[in-house]
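Working notes, beginning with the structure itself.
Protein chains: 2
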Amino acid sequence: MAQYSAVLDGVFVALGDPTRRAVIRRLGRGPASVGELARDAPMTLPSFMKHVRVLESNDLIRTEKSGRVRTCVLNRERLALVEDWLAEQRRIWLDRTDRLERFVTTNDQENP
Amino acid sequence: MAQYSAVLDGVFVALGDPTRRAVIRRLGRGPASVGELARDAPMTLPSFMKHVRVLESNDLIRTEKSGRVRTCVLNRERLALVEDWLAEQRRIWLDRTDRLERFVTTNDQENP
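Note that the protein sequences, when read in sequence, are chains C and E. Heads up: the first sequence runs through residues 88 to 199, numbered per our numbering. Heads up: the second sequence runs through residues 88 to 199, numbered per our numbering.
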């Protein structure tokens, strides 16, 4: 549980940056090389590489080097963690709404 | 667009902390005072207040002071931003799957 929480911390913080979200979005369309990805980013290659490493260390993307080209692939399962967390929050709200509804219905019946 | 991106940055970073996620989860069940929320957090009140302020400055929660009690309320709309971003990524993946499927189908027809 503590480990799951630490993974979520890293994933959320990794997503809290426009360059990294742009990489995620681009990789949603399919794998791309670091060179291709860097072309769209308004920064130097070393700065861009730092973002790639943050995404990779949080397992949001995987990279593989073949010759001089490093190819990046999206790991959708990591984003599913965020979806699961949001779904959990929604369940909590719905439970609350159900409880409120039962409360109102019970009170209506008791005080018609 | 740049403003939306900056808002997302803040929301994602704010969610990248277990104490802040615990506050969001608790407030999903209904409003609570800072005192109540702090009771569950393994830290001093000043440290906890910093987390409350991060959530408030990113509009994930709203707080109101009445006498000596500050009550916190969840702002679900901010979490909807994260849901929207995730939904956008899913659309991109689905488009890609559709394109791949059309490509495979077309090739099957051309090379039966």
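Note that CB positions come from ideal geometry on N, CA and C, so glycine has one too.
Go ahead and label residue i buried or exposed: buried means 16 or more other beta carbons lie within 10 angstroms of its beta carbon, across all protein chains shown.
i, result
"Asn-194 (chain C)", "exposed"
"Arg-140 (chain C)", "exposed"
"Gln-176 (chain E)", "buried"
"Arg-183 (chain C)", "exposed"
"Arg-107 (chain E)", "buried"
"Ala-174 (chain C)", "exposed"
"Leu-181 (chain C)", "exposed"
I'd like to know whether the C-beta atoms of residue i and residue j end up nearer to each other than 8 Å.
i, j, result
"Cys-159 (chain E)", "Leu-114 (chain E)", "yes"
"His-138 (chain C)", "Val-110 (chain C)", "yes"
"Asn-145 (chain C)", "Arg-165 (chain C)", "yes"
"Ile-179 (chain C)", "Arg-112 (chain E)", "yes"
"Ser-120 (chain C)", "Val-94 (chain C)", "no"
Taking the alpha carbon of residue i as the reference point, which residue from the options has its own alpha carbon closest?
i, options, result
"Asp-104 (chain C)", "E:Arg-177, E:Trp-172, E:Ser-153, E:Leu-142", "E:Trp-172"
"Gln-90 (chain C)", "C:Leu-168, C:Glu-151, C:Ala-125", "C:Leu-168"
"Asn-162 (chain E)", "E:Ser-134, E:Gly-122, E:Pro-118", "E:Pro-118"
"Ile-148 (chain C)", "C:Thr-131, C:Leu-124, C:Ser-134", "C:Leu-124"
"Leu-142 (chain C)", "C:Asp-96, C:Arg-189, C:Phe-190", "C:Asp-96"
State the Cα-Cα distance for the pair residue i and residue j, rounded to the nearest angstrom.
i, j, result
"Gly-154 (chain E)", "Val-98 (chain C)", "39 Å"
"Pro-129 (chain E)", "Met-136 (chain E)", "12 Å"
"Lys-152 (chain E)", "Thr-192 (chain C)", "31 Å"
"Ser-92 (chain C)", "Gly-122 (chain C)", "33 Å"
"Glu-170 (chain C)", "Glu-170 (chain E)", "8 Å"
"Phe-190 (chain E)", "Thr-131 (chain E)", "59 Å"
"Thr-150 (chain E)", "Ser-134 (chain E)", "17 Å"
"Arg-126 (chain C)", "Leu-102 (chain E)", "30 Å"
"Asp-185 (chain E)", "Asp-185 (chain C)", "38 Å"
In the DSSP output, which residue or residues are listed as bridge partners for residue i?
i, result
"Lys-152 (chain E)", "E:Arg-157"
"Ser-120 (chain E)", "E:Thr-158"
Using beta carbons (cut-off 8 Å, strictly below), is residue i in contact with chain A?
i, result
"Glu-164 (chain E)", "Checking the listed chains, one finds no chain A in this structure; the protein chains it contains are C and E."
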